[in-house]
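Once you know that position 326 of the sequence shown is 326 in the UniProt record's numbering, the rest is easy, because the numbers rise by one and skip nothing. Positions of the beta carbon are idealized from the N, C-alpha and C atoms, including for glycine. Have a look at the structure below, then the notes.
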Amino acid sequence: MGPAMKRRKVDHVSDEDDDASSFASFGTTEPNETGLNDLDNTSDSRDGSASDDSDNDGIEVDAGDDSDEHVDMEELDGEDSFDDGDDASEAEDATEVSAPPAKHVPEPKTKKAVNGRVPASALTGGNVKTNLFQMQVEDLLSHSRPVRNSRAEAAEKALHDLKSIMDKLSPRNPTTIVAAERDLIKKSRVAIPFPDPRPPQDAQYKLEFQKPVSINVVGSYASNLHLRSNKLLEVDMLVQIPDALFQPKDYQDFRYFYRRNYYLACLAAGIRDASQSKYVVEFCNHQGNPLRPILTIKPADASSGSASKWQINILPCISQKVFADEKLVPSKSLVRDSSKDAESEGAATSFYNSSIQVDRQMTNYLKLIHSAASSSDDFKDAALLLRIWLRQRGFSSAVQSGGFGNFEITALLAALIATGSVSARYSTYQLFKAALQFLASKDALKSFIMIGQSAVKPEHLADSVVLLDGQRSHNLAYKMTIWSYKTLRAEARNTIAMLGDNSSDHFEPTFVLKEDLLHLKYDMSVELPNHFLSDQVKNDHEALQLHHKLYKTLARGLGDRVTQINLESDSPTSWELGSARPTWKAKGNTTVSLRLNPANAGRAVDHGPSAEQKQEAAEFRKFWGQRAELRRFKDGSILESVVWSVDDSDQALITEIITYVVSRHFGDSTAAVLQPLGNDVSKLIPYSGGLAAFQPAIEAFKTLEGDIRSLEGLPLTIRQIFPADEQTRYASIQLPSPTAPIDVVLQFESSTRWPNSLTAIQRTKAAFLLFMSRLIRHVNPELACRVGLENSTTPVLNQSFLEIQYPRFTFHLRLHHDLELSFLQSQLKSPQLPPPQREATALALSSYKRTFLLHPSHTTYITKLSTTYPALSPTIRLLKHWFSYHLLTSHFPPALIELLALRPFLTPHPYPVPSSPQTGFLRSLAFLANWAWDTTPLLLPPSSSTDRDAFLQSARTRFTAWRKLDPALNRVVLFVAYAADPEGTGWSDTAQGGPGRVVAGRMTSLARAALEETGKREMVPKRLFASGMGDYDFVIRLGDLGGGKGKRGKGKKGEFKNLEIQEEGEAGEDAVAWFLEEVKWCFGGAVVLFYGGRGCRVVGGLWNPVTEERAWKVGLGYSSVVGHEGVARINKEGILGEIARLGGELVEKIEVKKS
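Put into C-alpha cells, the structure is as follows:
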C-alpha cells in the first residue's frame, strides 16, 4: 500500500473572517438569511471584503430526480441526479448566494494543518483502503458538486420577477372563511388547499392577507449542497407570513394550517394574475405532507430546451415568535376529538405538531447548517455523500418514501457537530461514517433520542419515531414510520459492516449501485389500490394512520415469518390552482414488500396463548376469527392455533396469510384486489422448498459407504469415500433419480504395491474395480455392478469406474491413487518431453485435479454452505436452469455455476444475505450483468478471518499474473477463486471446458437483458428465461432423445448384445452430449456449439470468426471452398451436412439463421 493520498479540497475554502463578511453582506434583519435583494449585488464575497455588491453569476446548483437503476461516473457528470428535491424548503443553509465572477477565480486558501485533523484511522480502524477508496470518493464528489449552467440564469431571472410580484401584492381585509373561498374562486379561479377536516362554515375567526415580511432564497440551491443534475433545477423561496395574522391559540385544531394555506392561495392568485401566463403555477403537497401544500412555479414555455427545466418552490413560513416550543412538543395533543369530552386529553399528534414546528424553525436550521459548514471543512462533502447514500437506497424526505432525506440527514450531521457529538475536525469519510453509526446504534422506537439539550421535556411515544433536535425542539424524524425507520437503521448497520470488510472493494455498493430495486431488495411484494384502503377515511389524520394500521395488522399476522415489512405508496403529484385538493391516498397504489425468515416462513402452524390465558386467548380469536382453533400438542399443551396449508412455496403461503388478515380487518373487497408483483420464480424448478428432497440420495450414499467399508477381502484399507456429484450437494436442477448416476471417489491407504507407471496404474485400478464388483455382488446379490470404461484415447487419464445400481439410485465409483499426481507433475517437468505430449500431460494433470481433488472438496464446500444458507440450494438450481434455457450449460461446468450463485451469499453487499430463492437468483443475475470479468476476479474468501487476508492477497496476485500471461483471454476468461480452488482456474480453464470470451460475453448480455426485466414492477419470471435463436448462425433441432434407441432398439431380446444393454438402460448416458463431443472433435476449430444439457431439444451454433474469407493455404484446419482469386471460405454447407450425418436419427433438422 502506497502512502496516503493528500486530500484535495475543492469546496468551502472560506475562513471565519470571510464567513463574518458574508453574513454582513446579506442586508436582512435576520443575520443568517439569504435575501433576494442580494441577488442584485455585484461583489465577490470570498475575497474578504464586506460589501453589499455581489454578482449573481456564482449560484452553481442543479437538482432533480433520478430514475436510473444505478449511478455510474458518467451519469454523475451531468446525465443523472442523486437529489430528489426533498429538502426543498426545510432549508439547509443560509450561506451567501453570491459567488466570484466567472472571469476572476481567486486562489484557494490554505487548508488547515494536517496535525489539526483527526487521523482517518481514528474512526475507521484503518480499514478505509486509503488510496483506492479515497480516490474513488474524491472522484465521485468532483462529479457530484454543483456546477454553473444556463438553467440557473433563467431561474434567477424568474426569482427576481417573482419577488417583485410578491412585493407589490395588495393586502386583503379580514374575511370569513366562506367569503374568502368564494372571493378567490370567483375572481382568481383559485381553490384554497384546506386540509381535511375543512374549517367549519360558522368559524368565528377570520382570514387575512398582508405582504410578506421577507422573501429569501434558501435550501440546497443557496448552500451548494445539491447534487448535479441535467434534468431539473429546483430553487426554494422562503416567504415569511406576518406575525400579526395569527392568534395565540391557532396551533390547535388545524387553525394554523387554515391561515397558512389561505395565505398560500392568495400568493398563487397574485402571482398568476401578475405573471401574464409566463409561468405554470400549481399546488403540491410538500414532501407528501397534506398539511403543508406549497406553490410550484415552472416556465410556461418549454421550447428553450434545458434552460427551461427549472422549478421554483414557494414555501410559507412563520417566525419563531409565533407560538412557543413547549406548545409543539411531539407528545402534545393539539387536535381535539369532537366525539370526546373537551376536557379529556387525546392521543399525541406528533406529525401535526412537527408540521407547525418545521415552519417555525426554518431560519434556525439555516443558521445551524451554515455554522457547521463554517466550523468543519468537510461538512459539505460529507453531506453530499450521505445524500447519495440515501438516494441509492430509495429514501427521500417525502412521507411516501421514508420521510428521511436530504434535509434531515444534513440537519442531523450539523446538529451532531454543533453539540460536539462528532468532531468538526473529522474528515469527509469520518463524518459520513459517524452519521451512519449514530443512526445504527440508537433505537428511537425504544426510547426517544435527543441531540443536545432542550428546554422542553420530551416523552417517549409508542410506535413513533422521535429524533429530537434539542436546541430547536424539532423532531427530525416526524415524517418517518416504524417500517421506514427500521429499514434505515438496517441499511446503516449493513453499510458499516460492509465498510469494515476488506474482502472486496465496497465503493460501488455504498455509493453507486441503486439498491432500491423492488425484486432485488425484497423477497416478495403485493400491491393494493389506495382507494380500497381509504374508503372509511374522514380526514388527513386518519389517512396518515391508515398505513400504520395496515403495518400493525400484517406484522401481527405474519409474526416471525418475516424479518422486514415495508410499505410504500406513490409519490404526490401537483394539482391546478382551481381544482380541489385531491384526497391524500385516494389515488395510486400501496406496495407491501417483505423479507422472509427462511427458518419460519413455511411453518404450518402458528401457536397462540394457552387456554388458561383467557384475555390473551380472546384477543387471539378476535384477530384470527374462524381460522383460530384450540389444539392439543404432543407435549400435552393446549394452545390456540392457526393451521395453514404448506403444499406450495413459502411465497404462496405468505400470500395466503396476507389475503386472510386483510380480508378480516379491511374487508373482502380490499383483499380481492391484492395483486402480487412478480410471480414466484422458484416455481420454475421442481421442489424449491429446501434440502429434504435430496435427503434420499444422501442416505443412499451413506448406505453405499457402509456396504463398501464392510467388504471383506480387500487387499488395501479404505481411507475415505467422498461424494463428488451435484446431487449429493443439493445442487442439481432435477431431483436425484436412478437415471442420473452419482459420482463417488474412493481412496485407499498408501501402498508400495502400486505400479510406477501411469498406464499400469490405470490397468490396476480397472482390475481392482472388477474385484470389488465380485465382492459386492457376493455380499449383496440384488445389486447390479459392472465396470465402465472412459477416456480410452488418453491412457494416462482415469480409464474405468464401477457402476453400482441400488433400487433407487445409481453410483459411479472411481479410485483415487495419490501417486498419480506426483507422476504427472514429474513428467511435466521433464525437459525431454515433446511439446504435444507436454500439452497432453498438462491437460491430464488438470483433469486429475478436477476429478479426484476438486470435485470431492467442492462437494463438501457446497454441502456445508447449503446447510448454512437455506436459500442457497434453490438459488443454485434456478441459476443452472437459467444457464440451461439460454444454452450455456455446455460451456459452464456445474461447479462454476454454483460458485457464481454463491456470490450474493458470501459477498451480499449492499443487500443482506438472500432469504429466499428468488432474491438469491435475481441478485446472482444482477452480479453477472455488472461483473467486469476481464478486469475483476470473483473471490469467495473463507469464513475464517485469519485465513482471509492471505487468501485474498494470493488470489489477486494469481489473477494479475494470469492477465499478464494471457492478455487476450484465450485460456482463462473467468477467474473464480475459493477455498477449494485458491488458484482460481480449476473450473474456468477453457482447455477443460470452461467458457471462452465469446461465451462469457453472451452470458453478460443475457444477464443484462434479464436485469431489465427484473427492474419492472410487473416482472414476468418466464421472460427471464426467454432466449431467441436469432443470434445463432445455425440451429440444430433434436428429435428422439432416447439415447439412440430409435427403430433399431425394437429388436428381439437377445438378438444383439449391445441393443440388449441399451434396453436395460445405461444410467447417466446422454446421447446428445456424445454427439456434441463428436462434432467438437471433428469441427471444433470451425464452430462453437451451445447446448442446455440433458433434456434440451435444441443446439445453437456459431461459426468461428477465424474462418472468415482468407487466402487459401494448406492446413487451414477446417473444410474450405476456394473461390475466385484463391480466396478460401469455410464450407458451411458441407460441415452442416456432416453434422447431420453424425447425428443420424438424433438430428431432426438444421436451420440456417445466417448465411
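Taking a contact as a CB-CB distance under 8 Å, the pair Gly-1117 and Gly-1137 does not count as one, their CB atoms being some 19 Å apart. Contact between Asn-597 and Ser-569 is ruled out by a C-beta separation of about 25 Å, above the 8 Å threshold.
Of the residues assessed, Pro-146 falls on the buried side of the cut-off, its CB having 16 or more other CB atoms within 10 angstroms. Cβ-Cβ distances below 6 Å link Arg-1023 to Glu-1013 in the same chain, with the five nearest sequence neighbours on each side left out; the list follows chain order.
DSSP, read as helix, strand or coil, puts His-160 in helix.
Put simply, of Pro-942, Ser-350, Gly-996 the residue whose alpha carbon is nearest the alpha carbon of Ala-968 is Gly-996.
When DSSP states are grouped into helix, strand and coil, Asn-589 belongs to the strand group. The residues Val-661, His-665, in chain order, have a CB closer than 7 Å to that of Thr-553 in the same chain once the five nearest residues on each side in sequence are set aside. Taking C-beta separations shorter than 6 Å and ignoring five residues to either side along the sequence, the partners of Gly-394 in its chain run Asp-516, following chain order. Taking each of Val-137, Lys-849, Leu-802 in turn and checking the Cα distance to Gln-825, the smallest one comes out for Lys-849. For Lys-521, DSSP records no beta bridge to any residue. Relative to Lys-457, the option among His-474, Leu-445, Pro-686 whose CA is nearest is His-474. It is roughly 16 Å from the alpha-carbon of Ser-710 to the alpha-carbon of Tyr-806. Excluding the 5 residues flanking it on each side, Asn-1104 has same chain C-beta neighbours closer than 7 Å at Gly-1085, Ala-1086, Val-1087, Val-1088, in chain order. Contact annotation: Pro-193 and Arg-581 have beta-carbon atoms nearer than 8 Å.
Excluding five sequence positions before and after Gln-564, the CB atoms of its chain that fall closer than 6 Å to its own CB belong to Arg-595, given in chain order. In the structure shown, Phe-748 adopts extended strand secondary structure according to DSSP, grouped into three states. Across the structure, Ser-847 and Leu-1142 are spaced so that their CA atoms are roughly 27 Å apart.
Residue Leu-815 holds the alpha-carbon nearest to the alpha-carbon of Glu-749 among Asn-131, Leu-815, Ser-924. Here Trp-483 carries a helix assignment [DSSP, helix/strand/coil].
In the structure shown, Tyr-687 adopts coil according to DSSP, grouped into three states. The three-state secondary structure of Val-466, taken from DSSP, is coil. Per DSSP, reduced to three states, the secondary structure at Asp-273 is helical. Here Gln-392 carries a helix assignment [DSSP, helix/strand/coil]. Take the alpha-carbon of Arg-1129 and the one of Val-1035: they are about 20 Å apart.
Under a 10 Å Cβ-count criterion, Trp-1081 is classified as exposed, with fewer than 16 other Cβ atoms of the shown protein chains found around its own Cβ. Excluding its 5 nearest sequence neighbours in each direction, Leu-328 has C-beta neighbours in its own chain below 6 Å: Asn-353, Ile-356, Gln-357, listed in chain order. Nearest to Ala-497 by alpha-carbon distance, out of Leu-227, Ala-611, Gln-992, Ala-440, is Ala-440. Around Ile-1135, the same chain offers Phe-1083, Ala-1086, Val-1087, Tyr-1118, Ser-1119 as residues with beta carbons nearer than 8 Å, after the five sequence neighbours per side are excluded.
Beta-bridge partners assigned by DSSP to Ser-641: His-607, Glu-629. Per DSSP, the unbroken beta strand (DSSP E) holding Pro-293 starts and ends at 293–299.
Here Ser-916 is buried, its C-beta having at least 16 other C-beta atoms within 10 Å. Scanning its chain for C-beta atoms nearer than 6 Å, with the 5 sequence neighbours on each side dropped, one finds around Gln-992 the residues Ser-846, in chain order. For the 8 Å CB-CB criterion, Phe-811 and Leu-878 do not form a contact. Closest option to Val-213, judged by alpha-carbon separation, among Ile-318, Phe-246, Lys-186, Asn-261: Ile-318. Shown here for Ser-447: same chain residues with a beta carbon closer than 7 Å to its own, the five before and five after excluded, namely His-460 in chain order.
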